[in-house]
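Going left to right, the sequence shown walks through residues 3 to 323 as this note's numbering numbers them.
Each residue gets a CB set at the ideal place from its N, CA and C atoms; glycine is no exception.
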Amino acid sequence: MRTHRTFDPAGVVFGVALPIAAAALTVVSTAVWRSRLPDQIATHWSGTEPDGFMNPSTSSWALAIVIVIVGGGCSAIAALAHALLIMRRIMLMIGSTVVGLITVLHLAIIGKQLDVESITQVEIPGWALGVGTVVGFSVGLLGASLLRDYRERVDADSPPPASLPRAAGPGEELPIIEPLGAGRVAITILFAILAAAAGLACWLAESWWPVAIFLPLSVLPVSLMRYELVVDRKGIHVSSLGMAAFDYGLNEITGASVREVDPFSDFGGWGLRVKGRGNFAVATAKGPAVFVTFANGQRLTITTERAEQIACTLNTLSSQR
């Protein structure tokens, strides 16, 4: 069965339309408030003192271009229906965070300079950095949860080869649920480091806004460091942040085997990896891995101590489908 959708509707809305709307908002808001703004507005600060000034219209157009090229450029991949789902989600969250940060900061800057008598006394609205980051990341997370996998799905026309391992009778131990990637200790250390950095930034800035930036800076790395593998009677599924990263049905599987994997030598790094067209891996440890092939030509390698059990289970269930 082939899916002919080229664009993901949710990706088009959140990855393309919203960045364009945000860029338009920066230009329109400046035009509406132009009569209340000075000829030159503060656009850059050194400490608490403004040291960079620009015409309001020029500044708004420059930021609009940055929003579209940088923020929209990152998030636009979410609209591509056949691109790897987890990468579409990650890029959308990154792009939306950039869009939210720039948009809110711009609105706060020009709002602070309405009817001002002297722009040399205007202080940077630090709170806008935190609010913009939270708003942008929240919108990106919502959009990411609405994205769907429209990849090509092809049913296997024969069971896995008889030479591949089989289970005596899968069913009693299903579902198989296995956490992958960084453990609780590593995640705790990461959060502690980021929290310390946020605390130091708050002390230096004498403000609370770095704490708001701490949230997305913590969540995004975790989404690339920790996964959950589930094998059940429907197929094999890998999720991150509670959202599907890989989702294959039993009818798509052509075979599963076990191999030894070194993430760095075999895939060039740790975590989610792509090595060539349709060759994916969740390589989070050196050692055994289950290697699964699918009727659409894609391959998925997952490092896990339960690789043999998973391979046997998948082959047996796929033969019984």
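Residue environment: T60 is assigned as exposed (fewer than 16 neighbouring CB atoms within 10 Å of its CB, all protein chains considered). Taking every protein chain shown into account, the CB of F266 has fewer than 16 other CB atoms within 10 angstroms, so this residue is exposed. Between A33 and M95, the C-beta gap is not smaller than 8 Å, which leaves the two residues out of contact. DSSP places W211 in the helix class (H, G or I) of the three-state scheme. Counted as a single uninterrupted DSSP element, the stretch harbouring W35 is not any beta strand (DSSP E), since DSSP gives it neither H nor E. When Cβ pairs closer than 8 Å are counted between the two stretches, the stretch 143-159 is seen to touch the stretch 91-106, the count reaching three or more. Between G289 and E262, the CB-CB gap stays under 8 Å. A check of alpha carbon separations from L82 across L231, G13 and V141 identifies G13 as the nearest. Under a 10 Å Cβ-count criterion, R90 is classified as buried, with 16 or more other Cβ atoms of the shown protein chains found around its own Cβ. Pairing T318 with F248, the inter-Cα distance amounts to about 20 Å. Under the three-state reduction of DSSP, W47 is assigned to strand. Per DSSP, the unbroken beta strand (DSSP E) holding I178 starts and ends at I178 to G183. Counting along the chain, A258 sits inside the beta strand (DSSP E) bounded by residues I255 to V263. By the C-beta density criterion, A184 is buried, having at least 16 other C-beta atoms within 10 angstroms. D264 and A258 have their C-alpha atoms spaced approximately 18 Å apart.
Here the stretch 216-228 makes contact with the stretch 182-200; the two share three or more CB pairs at distances below 8 Å. For V137, the closest of I112, L166, T99 and A164 by C-alpha to C-alpha distance is T99.
Beta bridge pairing from DSSP links M56 with I43. The beta carbon of W129 sits closer than 6 Å to the beta carbons of W211 from its chain, once the five residues preceding and following it are set aside; these are given in chain order.
Apart from sequence neighbours up to five positions away, the residues of its chain that approach R7 with a beta-carbon distance below 8 Å are A83 and Y152, ordered along the chain. For H239, the pairing in a beta bridge is given by DSSP as V232 and D249. A residue is called buried when at least 16 other Cβ atoms come within 10 angstroms of its Cβ; P177 does not meet this threshold and is exposed.
In this structure, L20 keeps its C-beta atom at 8 Å or more from the C-beta atom of F139. Here the alpha carbons of L206 and I238 stand approximately 48 Å from one another. Around the beta-carbon of E51, fewer than 16 other beta-carbon atoms lie within 10 Å, marking it exposed.
Runs of the alpha helix (DSSP H) spanning 4 or more residues and lying entirely within the stretch 114-199 occur at 128-148, in chain order. Apart from sequence neighbours up to five positions away, the residues of its chain that approach P40 with a beta-carbon distance below 7 Å are Q115, V118 and I121, ordered along the chain.
When V29, A158, M227 and G244 are compared, the shortest CA-CA separation from V106 is found for V29. Classified as buried, P58 has 16 or more neighbouring CB atoms from the shown chains inside 10 Å of its CB.
In the three-state reduction of the DSSP assignment, L20 falls in the helix class, which pools H, G and I.
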